[in-house]
Amino acid sequence: MRVIFVVGTRPEIIKISPVVKALRQTRGAGIDCRIVATGQHDRLAEQAFADVGLVPDCRLAMRAGALSLMQTAAAILDHAQAAACCGPRADLIVVQGDTNSALAGAMAGFDTHNEETPGYSTATTAHPQR
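With this note's numbering applied, the sequence shown corresponds to residues 1029 to 1158, in that order.
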C-alpha cells in the first residue's frame, strides 16, 4: 500500500510526523509512506522537518511567498498535478487541516488518482512539554 502525505505548513508537518514515523516502521508490512512538501511556507517547513526528524520525498518547485491565497492554492495544485504526487499511483493521499496545501493536495489526489477520496486528518496535538 502506498500512502502519500501532502503538507506545506509547520503545523501540518508536526501533526503528521508521528503517523508517518509509525507507518514507516511497518514498511515490512507492505506500507510505503511518502511525504510531498508543497512549499506553502517553505522556510518554516524546512525547520519543522528538521525538528521532527523527517525529510520530504518530493518537493514541489514553487515559492508561495508573495502570492495571494488563491494564487498559492492554484500554484500548489498545478505543481502537485505535474508531479503526479511523487511517482507511481498512491493508494491513499492524506492531507491535514484546512490550509491551501490540504485543499490543493486533496484536489490533486482526486483529479490525478481516478477520483478516489483522499484521506483527511484534523486533530489537536498534545505537546510533550505542556
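Each residue gets a CB set at the ideal place from its N, CA and C atoms; glycine is no exception.
Report the residue from the options whose alpha carbon sits nearest the alpha carbon of residue i.
i, options, result
"Thr1054", "Ala1132, Leu1131 and Val1031", "Val1031"
"Asn1128", "Ala1057, Asp1119, Phe1077 and Ser1096", "Ser1096"
"Ala1118", "Pro1039, Cys1061 and Ile1041", "Cys1061"
"Ala1078", "Phe1033, Ile1041 and Leu1105", "Ile1041"
"Phe1033", "Gln1075, Ala1103 and Leu1088", "Leu1088"
According to DSSP, is residue i part of a helix, a strand, or is it coil?
i, result
"Val1064", "strand"
"Arg1030", "strand"
"Ala1154", "At Ala1154 the pLDDT is 49, less than 50, meaning the model places this residue with poor confidence; the figure from the coordinates comes in the next sentence. Note: Ala1154 maps to coil in three-state DSSP."
"Lys1043", "helix"
Considering only their Cβ atoms, is the gap separating residue j from residue i smaller than 9 Å?
i, j, result
"Gly1081", "Ser1045", "yes"
"Gly1058", "Met1029", "yes"
"Pro1039", "Ala1065", "no"
"Ala1132", "Gln1124", "no"
"Ala1073", "Thr1037", "yes"
"Ile1063", "Cys1086", "yes"
Residue i bridges to which residues according to DSSP?
i, result
"Ile1121", "Ile1032"
"Arg1038", "Per DSSP, none; premise fails for Arg1038."
"Arg1071", "BP columns for Arg1071 are empty, so no partner."
"Arg1087", "Ala1065"
Do three or more CB pairs link the stretch 1128-1138 to the stretch 1041-1055 at distances below 8 Å?
no
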